[in-house]
Structure formats: C-alpha cells, structure tokens
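Per the working numbering, the sequence shown starts with residue 124, numbered consecutively.
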Amino acid sequence: MRLPALFSDNMVVQHGRPLPIWGWSVPEDSVTVTLAGKVAHAKADHFGKWHVELPAIDAGGPYELKVSGRESRAVSNILAGEVWICSGQSNMEWPLELSDNPQEEIAAANYPRIRLFTVPRRPSDAPESDVTGSWSPCDPESAARFSAVGYFFGRKLQQELNVPIGLINTSWGGTRAEAWTSIEGLCAEPALKVVVDELQASLGGSVEERHRRYAQIRAAWYSKLPDGEAKRSLSTGWERPEFNDNSWKTMRLPNYWQQMGHQTNGVFWFRTTAEIPASWEGQDLQLSLGAVDKTDDTYFNGQRVGGVSWADEPYSWCTGRVYTVPKALVKAGRVVIAVRVLSNFTGGGIVGPGSDMNIRRMGTTSADALPLSGEWRYSIEQDFGPINTPPEPPPPLDANTATALYNGMINPLIPFAIRGAIWYQGESNAGDSKRYAVLFPRMIKDWREHWMQGDFPFYFVQLANFGSTDPLAKGNWAGLRDAQDRTRALAQTGMAVTIDIGNPTDIHPRNKQDVGLRLALNALALTYNKDVEFRGPSYRGLKIEGPYVRISFEHADGLHAKGALSGFIIAGSDRKFVVANAVIEHDHVVVTHPDITAPAAVRYGWSDSPTCTLYNGAKLPAEPFRTDNWEE
Numbered sequence: 124m125r126l127p128a129l130f131s132d133n134m135v136v137q138h139g140r141p142l143p144i145w146g147w148s149v150p151e152d153s154v155t156v157t158l159a160g161k162v163a164h165a166k167a168d169h170f171g172k173w174h175v176e177l178p179a180i181d182a183g184g185p186y187e188l189k190v191s192g193r194e195s196r197a198v199s200n201i202l203a204g205e206v207w208i209c210s211g212q213s214n215m216e217w218p219l220e221l222s223d224n225p226q227e228e229i230a231a232a233n234y235p236r237i238r239l240f241t242v243p244r245r246p247s248d249a250p251e252s253d254v255t256g257s258w259s260p261c262d263p264e265s266a267a268r269f270s271a272v273g274y275f276f277g278r279k280l281q282q283e284l285n286v287p288i289g290l291i292n293t294s295w296g297g298t299r300a301e302a303w304t305s306i307e308g309l310c311a312e313p314a315l316k317v318v319v320d321e322l323q324a325s326l327g328g329s330v331e332e333r334h335r336r337y338a339q340i341r342a343a344w345y346s347k348l349p350d351g352e353a354k355r356s357l358s359t360g361w362e363r364p365e366f367n368d369n370s371w372k373t374m375r376l377p378n379y380w381q382q383m384g385h386q387t388n389g390v391f392w393f394r395t396t397a398e399i400p401a402s403w404e405g406q407d408l409q410l411s412l413g414a415v416d417k418t419d420d421t422y423f424n425g426q427r428v429g430g431v432s433w434a435d436e437p438y439s440w441c442t443g444r445v446y447t448v449p450k451a452l453v454k455a456g457r458v459v460i461a462v463r464v465l466s467n468f469t470g471g472g473i474v475g476p477g478s479d480m481n482i483r484r485m486g487t488t489s490a491d492a493l494p495l496s497g498e499w500r501y502s503i504e505q506d507f508g509p510i511n512t513p514p515e516p517p518p519p520l521d522a523n524t525a526t527a528l529y530n531g532m533i534n535p536l537i538p539f540a541i542r543g544a545i546w547y548q549g550e551s552n553a554g555d556s557k558r559y560a561v562l563f564p565r566m567i568k569d570w571r572e573h574w575m576q577g578d579f580p581f582y583f584v585q586l587a588n589f590g591s592t593d594p595l596a597k598g599n600w601a602g603l604r605d606a607q608d609r610t611r612a613l614a615q616t617g618m619a620v621t622i623d624i625g626n627p628t629d630i631h632p633r634n635k636q637d638v639g640l641r642l643a644l645n646a647l648a649l650t651y652n653k654d655v656e657f658r659g660p661s662y663r664g665l666k667i668e669g670p671y672v673r674i675s676f677e678h679a680d681g682l683h684a685k686g687a688l689s690g691f692i693i694a695g696s697d698r699k700f701v702v703a704n705a706v707i708e709h710d711h712v713v714v715t716h717p718d719i720t721a722p723a724a725v726r727y728g729w730s731d732s733p734t735c736t737l738y739n740g741a742k743l744p745a746e747p748f749r750t751d752n753w754e755e
C-alpha cells in the first residue's frame, strides 16, 4: 500500500469540496478510505492504482486519514482548510530568508495552521505520477526556505479567513511557461504548433544520440566564453592560511557580486575563518556552501577539498556545494576557508541560501554546525568586464523543455483538491510577448482541464520594474506585461501589479511582502467575497480636449501621487512618444506636452523599468496601460 507524497502527516486538505484520494496497492485489492467520518471504497486496477472521492468536509481538524486493504496506512495531524498551488519561476521560488527583513520575518513565522509543501525540481519527458517531499507546519525553520511570495500570501489569508492554509510550492527559477504546459495543452492551440514541432525535433533519436549532439553544441558555445582557466595561477597563494588578506574588502554572503556593486564577470576569491572545536579534531567534516554561480574551487586550510565546474555541469549555478574535509586536515583552532569563483556571464557569487552555508562533523545535524554565512573577505583575480553572450543551448531535456515541468512537477499533483493557484513568471518569456499572449492563457486552461475542478481561481503577478530606467526605451518587458494584463479576460483570474516595487538592477526584488499581499487581496475580493480593494487605478477611457488628454480610471478612490507624478508618455499621429506632463484633477489625470498640439495616444508605465507614482487610496499602484493599439 502506497500513498502519494501529498498524502502525508501534517497535510492540509481542501474543505468544502469533494476530496479525491488515490494510491497504489496490489492489483485487484479492495481498499477502504476514511477521513473525518467520511468513508469510501475502491478496487485497485490491474496496475494496482486505486482512486476514491470522499464527500466534502468542514474546515478544522486535526483529522486522521486511514487507508486499509491487504495492508493499511494512516496519515495523521491533517487539517482541512484552503489549499493553494504556488508556481512559476525564480521570483516565486525565492525564499523568505533572502527577502526583505529576513531575520524579523523568519522569527515571526510561527503559524502552525499554515502547512508547507515544496515539490522538488524535476523535469520529465513523460507525465509522472508522484513527487517526493512532505508537509511541514509553518515555523521559522520551515518558512525560511519556503517561497516568500507563497508564505506572505498564505499568511494574509490565514489572518483574514481564520482557517488552515495549505501551500504547495512547485516552482523553478529561469523557466518558461512552455515547460509548465502539457502536450495536450500545447497541441490544443494552433498558434503553438511551432513549440510542439521544436519539442519533437529536440527529442528525436535515442537518448544517447541526443546527449551526444548536445555535448557537441554546448562545447562549441562554451569555447567562445572567457573561462579564466588558461590564466589560472595559484602563485599568489590566496588559498593558503598564512596569506594576509587584511587589505581585502568585505562582502556579505550569500550574495551575487553584481548586487554588491560589481557589474562585471570574472574570477573572485572569497575567504573566511572558522574555529574548529577540540572535540572535532581528527574527524571528517562536511563543508557546505549552498549554490555557487557558476564554477568554484574550494580550499580548507590551503588544501583543495572540492569544486564544481560549470563547463561540465550545466546546473552548477544552482547546485549546492557539499564537500568532505578529510580527517587528516582537521585540527583544533582557527582554519581558513577560501573559495575561488568563476562566472563568465550573467550573475556570479556564492549565492546560498545562507542556511546551507556551514561546516559540521560528518553525520551530525545543522544544530551542531558552525555557520559560514556573513562577512567574507574578497578580492578579484580576473575582471572580464560585462559579457553579452547568446543564450546557453538547452539540454535535450531540461527545465525549459516544453512540457517537462508540467510532467514532473504539476501532473503528479493532479487531482489533489485545491482552491486555486498563484503564479509569478514571465521573465524568461519576455523576448516573445506575442507568443506569451497565447501561451499563458492556454497554460491556465490546460491546468484547469486536467484538474477537472472547474475554472478554479488563478492569480498572477505582473512583472516588476527591471532594466533600463529610460521611460522611452522600448524593451521587452512592457509587451510581456501587456500579455499578462490581457490574460485577465479569462474567468476567475486576477493580477497583482508590482511596477512600483521592483529593482532596475536586480531581477529578484527583495520586497516579497507586498507581492504576497497584493495576490492575497485578489483572492480575498474575488474568491472569498471580502469587501477589500484589490486593484490600483486601472485605465477606463480617455477624452481628447485640444492639446490635453483626460484619462479616467476605475478603482480610483483617493487617487494621488507619491511625490511628483511620473510615468506618462504621449505621442501625436507620428507615433513618436515623449515624456508627458501630467496632473491629477479629482479622479482623472490630465496629460499634455507643449510640443504636441494634437495628441493621439498616451501610455503609462510602458517601459522596462519606469518610475510610476500614481496610486489610489488603498495604496495600490496604477496599472500600466496604453490608449493605442499600434503595432510595436
């Protein structure tokens, strides 16, 4: 008798709707399932799969789930409440411990009626039936590494609804929406035929042939990047414990060095010290650094104890480093840990999470570990400068293979009863907003069709401001935001606007509190019928009055600007936009420019990283909009 990982101790089941429960036993086994006084019977098929549907139960608990056949299983400490899927790419995956005010937020994360489940990353070329993992009550330890957006969303719901909340985080950084859509979903939309064709081409031939082709393509691509290895030299002795690094600067780790002011690629050295207790002497140690982006060589008192090369391991940028320090090197007293980090495009550094940065005796728990996160000394061995490279060729099956994450990280969750889903993704699709305008709503429909729980609520985050701050720059993100906005035409959808809380130089803005809150406001208003404002000022219409354009809004009670009103651009019939003058008049905004006497169009927040200052009385930002439909 086996149950899916979702049916484990401390789980939350959805109250108020029928509960699908399934598992595996021996073929033809008669199975009885009981939960909260509800009973259902089933017979396993010839593969051993069985499935029942229990009647709805009320919120509350704790309950016990009992499954009996030739063998029996029991799941305890179950609560019934509201269950939400939390999915997307890195800004959904981003943990609480790396968000704003982490120490205070983690210390306060004691919500035993919120339960957390994280789906491990797993691409698959065929639909999987189960995942690994388990439910955890929300406490400082479990919350620290959970999705910050998911946590803040769930915390607000629990506070307002006073029922248990179950959060299932299934997200993966850097992923495209195609990967989260099933093959049936892609095939159902003729405009996505090219995605299906690309998938079939990439999976052509045997597994060995595909990987051999990929190895050749990736080696040719990598050979064009500076690798820092030809010039590598340890003659400086920066790995040695006796080296004097007092003249080096300090950097708080984990972190990307780009976020600490070094807008470059190259080779950085990091050094710190630890005090080894006398009781550890002569014992093997485990040295953990968390993820290192991208290649590392790690030294313990001058001796290399490990390293991962990005040239050989495509996922080295997110692979946790765990190295064994042999007992022969372990002496009591002060030791020096030195790490040489190479990054030859995008971000670089020792990026954690911080809870994974420690040293301990082999086989002991983190409670006995010496923490290594904090201030490290650093110096730059080689400075490559900024590097613009073509995208890395994807492996034949990776996180961005179409359907791969649906197969490995969504399908195993179906048909677990849920209330709805929240989604934060789009950065990886920003180069093709036209396709995304078709793909994203198709993905939502696809999930709903497979779950067979109707048009369940689906709330998503519109991309935050990031990139060029030029209000007239025509980047990719405005178009992607527009595609997201148009997805609200689907029933039971809502959008959290974050155009005001991003960071032009950091694709991972740390303010996840407001993101979770704004998603929760959508749910409270649209799903739970609470009387709360859930949208900022949204474009309703315009009236051209000579050289002036008067913009009217919905959700505009308390319309005001934080500081100077900005974010508006205006154009005449020549379609050449300029930064506009704008003033608030009651619940309207009047837009003009002295050089445009016959205005034809106005846009707001229509660039990669605009400065947007228009809000309503609920402190929610105005939504980016355009009054034209001109082809970009």
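Each residue gets a CB set at the ideal place from its N, CA and C atoms; glycine is no exception.
Query: Between which two residues does the beta strand (DSSP E) holding H164 run?; Result: 161–166
Query: Does DSSP put A353 in a helix, a strand or coil?; Result: Note on A353: pLDDT 48, under 50, position unreliable in the model; the coordinate value appears next. A353: coil per DSSP, three-state reduction.
Query: For the 8 Å Cβ check, are there 3 or more pairs between the region 135–153 and the region 192–202?; Result: yes
Query: For V448, tell me which candidate among N467, G486, H709 has the shortest Cα-Cα distance.; Result: G486
Query: Curious, which full-length beta strand (DSSP E) runs of at least 3 residues does the region 502–551 contain?; Result: 543–547
Query: Kindly list the residues whose CB is nearer than 8 Å to the CB of N523, restricted to its own chain and excluding five residues on each side of it in sequence; keep chain order.; Result: G297, T298, R299, E301, A302, P517, S551
Query: List the whole-angstrom C-beta distance separating E758 from A267, where the pair is believed to meet the contact cut-off of C-beta under 8 Å.; Result: The question about residue 758 has no answer, for the chain in this structure spans 124 to 755.
Query: Pull up the CB-CB distance for F579 and I541, whole angstroms please, since I reckon it's below 8 Å.; Result: 6 Å
Query: If you check the beta carbons only, do Y727 and F748 fall under 8 Å apart?; Result: yes
Query: How would you write the range of the beta strand (DSSP E) that K699 sits in, first residue to last?; Result: First-last for K699: undefined, no H or E at that position.
Query: At the level of alpha carbons, what is the spacing between R698 and T592?; Result: 21 Å
Query: So who's on the other strand from E205, going by DSSP bridges?; Result: I288
Query: Report whether the distance from the Cβ of F583 to the nearest heavy atom of the ligand COA is below 7 Å.; Result: The model on display carries no ligand, and the ligand COA is accordingly not part of it.
Query: Counting only runs that start and end within the region 600–650, where is the alpha helix (DSSP H) found for 4 or more residues in a row?; Result: 600–609, 636–649
Query: What is the DSSP secondary structure of R363, counted as helix, strand or coil?; Result: coil
Query: With burial defined as no fewer than 16 other Cβ atoms inside 10 Å of the residue's Cβ, what is the status of Y738: buried or exposed?; Result: buried
Query: Buried or exposed, going by whether 16 or more other CB atoms sit within 10 Å of the CB of L142?; Result: buried
Query: Around the C-beta of A353, are 16 or more other C-beta atoms found within 10 angstroms, so that it is buried, or is it exposed?; Result: Legend: pLDDT at A353 = 48, less than 50; position of this residue unreliable, no value from coordinates given.
Query: Determine the closest residue to K438 out of E515, W380, T387, A492, with distance taken between C-alpha atoms.; Result: In the sequence as displayed, the identity of residue 438 is Tyr instead of Lys. Looking at the Cα atoms, E515 is the closest of the given residues.
Query: Have a look at N214, S252, I291, N530 and flag the residue whose alpha-carbon is nearest the alpha-carbon of E307.; Result: N530
Query: Counting pairs of Cβ atoms below 8 Å between the region 659–667 and the region 624–636, do you hit three or more?; Result: no
Query: Under the three-state reduction of DSSP, which class applies to Q585: helix, strand or coil?; Result: coil
Query: So the candidates are S346, P250, E283; which of them puts its Cα closest to the Cα of T304?; Result: P250
Query: Identify whether A324 lies in helix, strand or coil by the three-state DSSP scheme.; Result: helix
Query: From what residue to what residue does the beta strand (DSSP E) around C261 run?; Result: 259–261
Query: For S439, name the three-state secondary structure that DSSP assigns.; Result: helix
Query: Judging by CA-CA distance, which residue of S153, W295, I482 is the nearest neighbour of G211?; Result: W295
Query: Ordered along the chain, which non-local residues of its own chain (more than five positions away) have a Cβ less than 6 Å from that of D432?; Result: The sequence shown places Ser at residue 432, not Asp. Excluding sequence neighbours, S432 sits near T418.
Query: So for F276, helix, strand or coil by DSSP?; Result: helix
Query: From the DSSP output, which residues share a beta bridge with S329?; Result: In DSSP, S329 forms no bridge with anything.
Query: Alpha carbon to alpha carbon, how far is K347 from S325?; Result: 23 Å
Query: Report the residue from R663, Y582, N704 whose alpha carbon sits nearest the alpha carbon of N790.; Result: This structure gives no information on residue 790, because the portion of the chain shown stretches from 124 to 755.
Query: Specify whether the region 469–481 and the region 410–425 touch according to this definition: at least 3 beta carbon pairs, one from each stretch, less than 8 Å apart.; Result: yes
Query: Do you know whose CA, among P313, D152, P235, lies nearest R565's CA?; Result: P313
Query: Could you please give the first and the last residue of the uninterrupted beta strand (DSSP E) stretch that includes W173?; Result: 172–177
Query: Is the beta carbon of C261 less than 8 Å from the beta carbon of I237?; Result: yes
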